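Chemist: In the working numbering, the protein residues as written are 323 to 507.
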Amino acid sequence: MPSLHRPPSLPPGQLLLGVLGLAWPLLALLLLPSLGPWPLLVAAVVLAYSRLPRGSRYWGALLALAALLTVLSGHAELGVRAWPVIVNATLLAIFATSLRQEQNVIERLARRQEPDLPPRGVAYTRRVTQVWCVFFLCNGAVALWTALYADLRTWSLYNGGIAYGLCGLLFAGEWCVRQRVRKRS
Numbered sequence: 323m324p325s326l327h328r329p330p331s332l333p334p335g336q337l338l339l340g341v342l343g344l345a346w347p348l349l350a351l352l353l354l355p356s357l358g359p360w361p362l363l364v365a366a367v368v369l370a371y372s373r374l375p376r377g378s379r380y381w382g383a384l385l386a387l388a389a390l391l392t393v394l395s396g397h398a399e400l401g402v403r404a405w406p407v408i409v410n411a412t413l414l415a416i417f418a419t420s421l422r423q424e425q426n427v428i429e430r431l432a433r434r435q436e437p438d439l440p441p442r443g444v445a446y447t448r449r450v451t452q453v454w455c456v457f458f459l460c461n462g463a464v465a466l467w468t469a470l471y472a473d474l475r476t477w478s479l480y481n482g483g484i485a486y487g488l489c490g491l492l493f494a495g496e497w498c499v500r501q502r503v504r505k506r507s
């Protein structure tokens, strides 16, 4: 008899934080001109801190210190614009460090669907993890460039639209490649 189980759902607070994180570039575009950078920077620090695992609160303190230094140096808006850079750097670190572990991030996700992943599948997940590392590196570099040099509208367009589109294209492209690889196996 097939097991009927639902995937774990996020608590409403976590879901809201995720939506706010995804909508950050749009929120900054709409609110920065009227509110200024201070309230948004405080919101960004609270958002980032609340998404940290309990054992990583040390990083939250460093994040708050970095935000304070950004404000004191007169670059509070840069702190607001840094969110996509931080997200890409974090994801790059997670994916890259997983390449040195027994199972990389993509392999762990794949094993949820296919617990007995064949060696060829393991090699494929390793390559996909490497591709995502390159994506996060390049996307983070563009996010950094837009944070430092682009106007608010361009920053928001790239980080709140184009980057998500590129991520979606990579997901879709990888899915197509995976289907072809599976048929060959």
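Ideal placement from N, C-alpha and C gives every residue a C-beta, glycine not left out. Keep in mind that this is a model prediction, so the values were computed, not measured.
Mind reading off the beta-carbon distance from L414 to G343? Whole number of angstroms is fine, and I expect it under 8 Å.
Modeler: Your numbering for residue 414 matches position 92 in the sequence shown. Your numbering for residue 343 matches position 21 in the sequence shown. About 16 Å; that fails the 8 Å criterion.
Chemist: Measuring straight from C-alpha to C-alpha, what distance separates G396 and T451?
Modeler: Along the sequence shown, read from residue 1 onward, the residue named residue 396 stands at position 74. Along the sequence shown, read from residue 1 onward, the residue named residue 451 stands at position 129. If I take the Cα positions, the gap works out to 38 Å.
Chemist: Does the beta-carbon of R506 have 16 or more other beta-carbons within 10 angstroms, so that it is buried, or is it exposed?
Modeler: The sequence position of residue 506 within the sequence shown is 184, counting from 1. Exposed, since its Cβ has fewer than 16 Cβ neighbours within 10 Å.
Chemist: Could you pull the start and end residues of the alpha helix (DSSP H) that E496 belongs to?
Modeler: What you label residue 496 is simply residue 174 of the sequence shown in a count that begins at 1. Element bounds for E496: A485 to R506.
Chemist: State yes or no: is the C-beta of P355 within less than 8 Å of the C-beta of G401?
Modeler: Position 33 of the sequence shown, counting from 1, holds the residue named residue 355. Position 79 of the sequence shown, counting from 1, holds the residue named residue 401. In this structure, G401 does not lie closer than 8 Å to P355 by Cβ.
Chemist: Roughly how many angstroms separate the alpha carbons of Y471 and G377, rounded to a whole number?
Modeler: In the sequence shown, counting from the first residue as 1, residue 471 sits at position 149. In the sequence shown, counting from the first residue as 1, residue 377 sits at position 55. For Y471 and G377, the distance between alpha carbons rounds to 35 Å.
Chemist: Classify Q423 as helix, strand or coil using the three-state DSSP reduction.
Modeler: Here residue 423 refers to the residue found at position 101 when the sequence shown is read from its first residue. In the structure shown, Q423 sits in coil (DSSP, three-state: anything other than H, G, I, E or B).
Chemist: Does the structure place the region 471-489 close enough to the region 339-353 that three or more beta carbon pairs sit under 8 Å?
Modeler: yes
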